[in-house]
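Peer 1: Structure provided below as C-alpha cells; questions to follow.
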C-alpha cells in the first residue's frame with residue numbers, strides 16, 4: 001500500500017466532508033461510512049487512521065472553527081480604520097457571515113442539552129469571552145469616544161452571555177419576528193448604558209441568522225441530541241480504536257461561541 005504523503009490534506013478533506021454531512025443530516029444520522037461515501041476515494045480504515053471516532057471528528061471540527069474565529073478576531077482588532085464600537089460590530093458580523101461557522105453551530109448546538117457542558121459554557125460566556133473579547137474593545141471605544149459608558153465590565157458580560165445564551169437554541173427557539181423583537185430589547189438595554197452596538201441592519205441580519213440556526217440546529221431531533229451526549233460521556237466510542245479515547249470538550253472547545 002502506498003504511503004499517504006499529504007496527511008494534513010487528507011485530514012482536511014475528511015473534516016470538510018463530515019462538516020457537510022453533519023450540517024445536512026445531523027450527527028446521529030451520519031455514519032463513518034457516510035463520510036467514506038462522501039469522500040469517494042478513502043476507506044474507513046483511512047479515516048480511523050486520522051480520527052479515533054465520529055465524535056473526535058466533530059470535536060476536531062469545533063476546534064477548527066474556534067481557530068478560524070480567533071484568527072478573524074485578531075484581524076479585526078488590528079484594524080486601525082475602525083473605532084472600538086465598530087470593531088465589536090465587525091466581530092459580530094464576521095461570525096454570522098462565516099458559512100463554516102454556521103455549519104459547525106448547526107452540528108454542535110445539541111451539546112448544550114447536556115447540563116455539564118451547558119454549565120461549563122455559561123461560565124465561559126460570562127467570564128472568558130467578555131474579558132478577552134468585548135471588554136478591551138469597549139475600553140478602546142471609551143478612549144476614542146465611540147462608546148460612553150459607566151459600565152464597561154457589565155456591558156462586556158451582557159454581550160458575552162446574551163449573544164451566546166439568551167438567543168440560541170435550546171434556551172430560545174422563537175420565530176424570526178420574536179427573535180428580532182428580542183434583539184431590539186437587547187439593543188435598548190445596551191444603548192441605555194452607552195454601548196449602542198446594534199444598528200437596524202445588524203439586528204435584522206442577526207435575527208435571520210438565529211432564525212435559520214433554530215430551524216436547523218435548534219430543532220434538532222431527540223435522536224441527534226441523545227447521540228452527541230451519549231458519545232460525549234462514553235469512555236470509548238463504539239467505533240473507536242480499542243486503545244484510545246476520544247477527547248471530551250471543555251470550556252470553549254465544547255461549543256464554538258455564536259458571536260465570539
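In UniProt numbering, the protein residues as written are 1 to 260. Built from N, CA and C at the ideal position, the CB exists for glycine as well.
Could you tell me the alpha carbon to alpha carbon distance between residue 52 and residue 18, rounded to whole angstroms?
Peer 2: For the purposes of this step, residue 52 is taken as residue 52 along the chain shown, with counting starting at 1. For the purposes of this step, residue 18 is taken as residue 18 along the chain shown, with counting starting at 1. Taking the straight line from one Cα to the other gives about 14 Å.
Peer 1: From residue 151 to residue 64, what distance separates their C-alpha atoms?
Peer 2: Indexing the chain shown from 1 puts residue 151 at position 151. Indexing the chain shown from 1 puts residue 64 at position 64. So the alpha carbons of these two residues sit roughly 34 Å apart.
Peer 1: Starting from residue 209 and walking both ways along the alpha helix (DSSP H), at which residues does that stretch end?
Peer 2: In the chain shown, the residue the question calls residue 209 occupies position 209. Note, residue 209: alpha helix (DSSP H), 200-213.
Peer 1: According to DSSP, is residue 220 part of a helix, a strand, or is it coil?
Peer 2: Position 220 of the chain shown, counted from the start, is the residue given in the question as residue 220. With a pLDDT of 47 at residue 220, under the threshold of 50, the predicted position of this residue should be treated as unreliable, and no value is reported.
Peer 1: Since residue 15 and residue 60 are thought to touch, with beta carbons under 8 Å apart, how far apart are those beta carbons, to the nearest angstrom?
Peer 2: Counting from 1 along the chain shown, the entry for residue 15 is found at position 15. Counting from 1 along the chain shown, the entry for residue 60 is found at position 60. For a cut-off of 8 Å, the C-beta gap from residue 15 to residue 60 is around 6 Å, short enough to register as a contact.
Peer 1: Kindly list the residues whose CB is nearer than 8 Å to the CB of residue 34, restricted to its own chain and excluding five residues on each side of it in sequence; keep chain order.
Peer 2: Looking up residue 34 in the chain shown gives position 34. 21, 25.
Peer 1: Below 8 Å on the Cβ atoms is my guess for residue 156 versus residue 180; work out the distance and round it to an integer in Å.
Peer 2: By 1-based counting over the chain shown, the position of residue 156 is 156. By 1-based counting over the chain shown, the position of residue 180 is 180. Residue 156 to residue 180, Cβ: 24 Å. No contact.
Peer 1: Residues in the same chain with beta-carbon distance under 6 Å from residue 85, minus the five sequence neighbours each way, listed in chain order, please.
Peer 2: Along the chain shown, read from residue 1 onward, the residue named residue 85 stands at position 85. Taken in chain order, the residues that qualify are 141, 146, 147.
Peer 1: Span of the alpha helix (DSSP H) holding residue 48?
Peer 2: Position 48 of the chain shown, counted from the start, is the residue given in the question as residue 48. 44-50 is the span of the alpha helix (DSSP H), which, as asked, contains residue 48.
Peer 1: CA-CA distance, residue 159 and residue 134?
Peer 2: Residue numbering aside, residue 159 sits at position 159 when the chain shown is read from its first letter. Residue numbering aside, residue 134 sits at position 134 when the chain shown is read from its first letter. One C-alpha to the other measures close to 7 Å.
Peer 1: Examine the ligand COA and report whether any of its heavy atoms sits within less than 7 Å of the Cβ of residue 151.
Peer 2: Annotation note on the ligand COA: not contained in the displayed structure, which lists no ligands.
Peer 1: If we call anything under 8 Å between Cβ atoms a contact, is residue 39 one with residue 13?
Peer 2: Your numbering for residue 39 matches position 39 in the chain shown. Your numbering for residue 13 matches position 13 in the chain shown. Contact flag set, yes.
Peer 1: Which of the three DSSP states, helix, strand or coil, is assigned to residue 134?
Peer 2: Within the chain shown, the letter at position 134 stands for residue 134. Here residue 134 sits in helix by DSSP.
Peer 1: On the CB-based measure, 16 or more other CB atoms within 10 Å of its CB, does residue 195 come out buried or exposed?
Peer 2: Within the chain shown, residue 195 is the residue found at index 195, counting from 1. Answer is buried; the Cβ neighbour count reaches 16.
Peer 1: Have a look at residue 74 and residue 167 and give me their C-alpha separation to the nearest angstrom.
Peer 2: In the chain shown, the residue the question calls residue 74 occupies position 74. In the chain shown, the residue the question calls residue 167 occupies position 167. Cα to Cα, residue 74 sits roughly 25 Å from residue 167.
Peer 1: Which residues bound the alpha helix (DSSP H) around residue 57?
Peer 2: If you number the chain shown from 1, residue 57 lands on position 57. Run containing residue 57: 54-77, per the alpha helix (DSSP H) assignment.
Peer 1: In the DSSP assignment, find the alpha helix (DSSP H) that holds residue 189 and state where it starts and stops.
Peer 2: As a position in the chain shown, residue 189 is number 189, starting the count at 1. 176-192 is the extent of the alpha helix (DSSP H) around residue 189.
Peer 1: Here's a check: name, in chain order, each residue in its chain whose Cβ is nearer than 7 Å to the Cβ of residue 137, leaving out the five neighbours to either side.
Peer 2: For the purposes of this step, residue 137 is taken as the residue at position 137 of the chain shown. For residue 137, where only same-chain residues beyond five positions count, the Cβ hits under 7 Å are 84, 87, 88.
Peer 1: Thinking C-beta only, is residue 186 closer than 8 Å to residue 162?
Peer 2: As a working mapping, residue 162 is identified with position 162 in the chain shown. As a working mapping, residue 186 is identified with position 186 in the chain shown. Yes, the Cβ-Cβ distance between residue 162 and residue 186 is below 8 Å.
Peer 1: So, residue 213 versus residue 93, is the Cβ gap smaller than 8 Å?
Peer 2: Walking along the chain shown from the start, residue 213 turns up at place 213. Walking along the chain shown from the start, residue 93 turns up at place 93. Result no, Cβ atoms of residue 213 and residue 93 do not sit closer than 8 Å.
Peer 1: If you run the structure through DSSP and keep just helix, strand and coil, what is residue 35?
Peer 2: In the chain shown, the residue the question calls residue 35 occupies position 35. The answer is helix: DSSP assigns residue 35 an H, G or I state.
Peer 1: Alpha carbon to alpha carbon, how far is residue 57 from residue 175?
Peer 2: Mapped onto the chain shown, residue 57 falls at position 57. Mapped onto the chain shown, residue 175 falls at position 175. The alpha-carbon atoms of residue 57 and residue 175 are separated by roughly 32 Å.
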